[in-house]
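K.L.:
Residue numbers for the sequence shown follow my numbering, beginning at 844 and rising by one.
Structure incoming, see below.
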Amino acid sequence: MADFMNILRQAQEMQGRFQKIQDELAQLTITGSAGGGMVVADVTGTGQLKKIRLDPSVVNAADIEMLEDLITVAVSDAQARAQTAAQEQMGKLTGGLNLPFKLPGLG
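Below you can see the structure in the form of structure tokens.
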């Protein structure tokens with residue numbers, strides 16, 4: 844029975860560390876860009892969009908499609924960087940184990 848209690852205690856500790864990492868990721872700001880920095884997107888470490896910045900030169904009423912594409916690329920870049928950061932943080936939690944499932948909140 845002592846082994847079960849030890850496993851339960853370790854699981855609770857891991858859950859607490861997981862929550863701490865999730866909280867830290869939510870406070871983190873990660874930046875992605877497109878068009879050589881003409882469009883910049885900031886997301887949290889969990890991938891939530893926080894802010895978009897546009898260079899005035901990229902705003903052209905005659906070419907809205909290009910602007911839309913640049914925004915999409917910048918947001919995707921930021922979210923990919925956030926996912927990488929989250930995986931690195933989770934790697935610390937799991938000790939680098941390759942888990943056969945995704946942990947909640949990591950897309």
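Idealized CB from N, CA, C, for every residue including glycine.
Compare the Cα-Cα distances from Leu897 to each of Ala905, Gly879, Ile850 and report the closest residue.
P.N.:
Against the sequence shown, residue 897 aligns to sequence position 54. The shortest Cα separation from Leu897 among Ala905, Gly879, Ile850 belongs to Gly879.
K.L.:
For the pair the segment 921 to 935 and the segment 852 to 859, tell me if three or more CB-CB distances fall below 8 Å.
P.N.:
Flag = no, the segment 921 to 935 and the segment 852 to 859 do not touch.
K.L.:
Can you give me the Cβ contacts of Asp912 inside the same chain, cut-off strictly under 6 Å, excluding the 5 residues immediately before and after it?
P.N.:
Within the sequence shown, residue 912 is the residue found at index 69, counting from 1. No residues qualify anywhere along the chain.
K.L.:
DSSP state of Leu897, grouped into three classes?
P.N.:
In the sequence shown, the residue the question calls residue 897 occupies position 54. Reduced to three states, the DSSP call for Leu897 is strand.
K.L.:
Can you name the start and end residues of the beta strand (DSSP E) that Gly875 belongs to?
P.N.:
As a working note, residue 875 is residue 32 in the sequence shown. Gly875 -> beta strand (DSSP E) spans 872 to 877.
K.L.:
Helix or strand or just coil, what does DSSP make of Val916?
P.N.:
The residue you call residue 916 lines up with position 73 of the sequence shown. Helix, per DSSP.
K.L.:
Where does Gln922 land, buried or exposed, given buried means 16+ other C-beta within 10 angstroms?
P.N.:
The residue you call residue 922 lines up with position 79 of the sequence shown. Counting Cβ neighbours within 10 Å, Gln922 comes out buried, since at least 16 surround it.
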